[in-house]
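Asks: Take this structure, written in C-alpha cells, and hold onto it; I'll ask about it next.
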Amino acid sequence: MKNQMNQLFKDKRSVHVLYAYNELDKYIEQAVSYIEDAVMAEEYVIFIENEPLFRLINKELSSRLAEDQMEFVHWVNNFDFYYSSGNYHPPAILDYFNKMVEPYIENGTSFRSWAHVEWASMKDPLHIIEDFERIVDEAVNTLYFPLICAYEGLKMPDHLIKILLETHPYVLKDDNFTVSDEYQLPSGQR
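In terms of this note's numbering, the sequence shown opens at residue 11 and continues consecutively.
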C-alpha cells in the first residue's frame, strides 16, 4: 500500500486522498510515515493538524529524522487554518492555503500536504464541506501536489462519507489504498 501510494505521488503528483481513520495509533503512524517519506524524497510537507496531535507526531518524527530534515515540516494549526476568517468559509481557507504555498510554487519546490479535518468541531452544513472539497480537488490538480485529507471515520455520518467519496479520487482506510468508484470529476474536467 505504502509503495503504491508513493509511486502514485511520483508519477502523477496531483493526488487527492481521503484518509478515513478509526484508531489514533494508526493515524499517528500514517502521518509520521507520510511525512518521513516526503522528507526522504526531499519534499516539504505542509502539515495541517491540531496542536496536541502534532506534538505526538513531532515527538516521533524527532526520533526518526535529523534536525535539518525536520525543517522540511511546516506545521499549521488546523483550527487557525479552517477558521481563519472566523468561520468555516471555503474561499477564505483556499486563500490562506494559496498564500501558504506561494513560496513553494514560485521557487519550484516540491511539497505535499496533509490536512486533518475534525468533523466533531464543525457545525456548518455539509454542502460547505462538499464545496470546500471540490475547491481543494481542483487546487490539487492545478498546483500538482499530493494531499491527504484525514477524517475520523467513526464520527462521519453516512451522507458525509458519500460526499467525501465523490470528491476524493483515492481512499486510504487503515492500510488499504484504493481508487474511489464514486469519485466525480470536477465539472470543468469532464
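Every residue, glycine too, gets a C-beta built ideally from N, C-alpha and C. These numbers were taken from a predicted model, which means no experiment stands behind them.
Let me know the secondary structure DSSP gives residue 95 once reduced to three states.
Replies: Mapped onto the sequence shown, residue 95 falls at position 85. Looking at residue 95 - three-state DSSP - the assignment turns out to be coil, as it is neither helix nor strand.
Asks: Alpha carbon to alpha carbon, how far is residue 192 from residue 57?
Replies: Taking the sequence shown and counting its residues from 1, the one referred to as residue 192 is at position 182. Taking the sequence shown and counting its residues from 1, the one referred to as residue 57 is at position 47. If you take the alpha carbons of residue 192 and residue 57, they lie about 27 Å apart.
Asks: Once the 5 residues before and after residue 44 are set aside, which same chain residues still bring their CB inside 8 Å of it?
Replies: The residue given as residue 44 occupies position 34 in the sequence shown. Excluding sequence neighbours, residue 44 sits near 55, 122, 124 and 158.
Asks: Can you tell me which of the three DSSP states residue 143 falls into?
Replies: Start at 1 with the first residue of the sequence shown, and residue 143 comes out as number 133. Of the three classes helix, strand and coil, the one that applies to residue 143 here is helix, per DSSP.
Asks: How many angstroms separate the CA atom of residue 262 from the CA atom of residue 27?
Replies: The chain is shown only over 11 to 200; residue 262 falls outside these bounds and no answer can be derived.
Asks: Taking residue 183 as part of the beta strand (DSSP E), name the residues at either end of that continuous run.
Replies: As a working mapping, residue 183 is identified with position 173 in the sequence shown. Per DSSP, residue 183 belongs to the beta strand (DSSP E) from 180-183.
Asks: First and last residue of the beta strand (DSSP E) that includes residue 122?
Replies: Here residue 122 is taken as the residue at index 112 of the sequence shown, counted from 1. That run of the beta strand (DSSP E) goes 121-127.
Asks: Can you tell which of 139, 180 and 194 has the C-alpha that lies nearest to the C-alpha of residue 188?
Replies: Working through the sequence shown from its first residue, we reach residue 188 at position 178. Comparing Cα positions, the closest option is 180.
Asks: I need the straight-line Cα distance from residue 90 to residue 62, nearest angstrom please.
Replies: Reading the sequence shown from its first residue, position 80 is the one you call residue 90. Reading the sequence shown from its first residue, position 52 is the one you call residue 62. Taking the straight line joining both Cα atoms gives about 14 Å.
Asks: Is the separation between the beta-carbon of residue 106 and that of residue 120 shorter than 8 Å?
Replies: Sequence index remark: in the sequence shown, residue 106 carries index 96 (1-based). Sequence index remark: in the sequence shown, residue 120 carries index 110 (1-based). Against a cut-off of 8 Å, the Cβ pair of residue 120 and residue 106 comes out as no contact.
Asks: Out of 67, 161 and 104, which has the shortest C-alpha to C-alpha gap to residue 35?
Replies: Start at 1 with the first residue of the sequence shown, and residue 35 comes out as number 25. Selected option, being the one with the closest Cα: 67.
Asks: Decide if residue 126 is buried, meaning its Cβ has at least 16 other Cβ atoms within 10 Å, or exposed.
Replies: Locating residue 126 in the sequence shown gives position 116, where the first residue counts as 1. Result: buried.
Asks: From this set, 115, 161 and 164, which residue's C-alpha is nearest residue 150's C-alpha?
Replies: By one-based count along the sequence shown, residue 150 stands at place 140. Among 115, 161 and 164, the Cα nearest to that of residue 150 belongs to 115.
Asks: With a threshold of 8 Å on Cβ separation, who are the neighbours of residue 71 within its own chain once the five nearest residues in sequence on each side are excluded?
Replies: Translated into the one-based positions of the sequence shown, residue 71 becomes position 61. Once the five neighbours on either side are set aside, the close Cβ partners of residue 71 are 42, 45, 46, 80 and 83.
Asks: Can you check DSSP and say which residues form a bridge with residue 83?
Replies: The residue you call residue 83 lines up with position 73 of the sequence shown. Answer by DSSP bridge pairing, in chain order: 55.
Asks: Using DSSP with H/G/I as helix, E/B as strand and the rest coil, what is residue 25?
Replies: Against the sequence shown, residue 25 aligns to sequence position 15. In this structure, residue 25 counts as coil in the three-state DSSP scheme.
Asks: Short check: CB of residue 163 to CB of residue 32, under 8 Å?
Replies: As a first step, residue 163 is located in the sequence shown; it is residue number 153 there, counting from the start. As a first step, residue 32 is located in the sequence shown; it is residue number 22 there, counting from the start. Contact flag set, yes.
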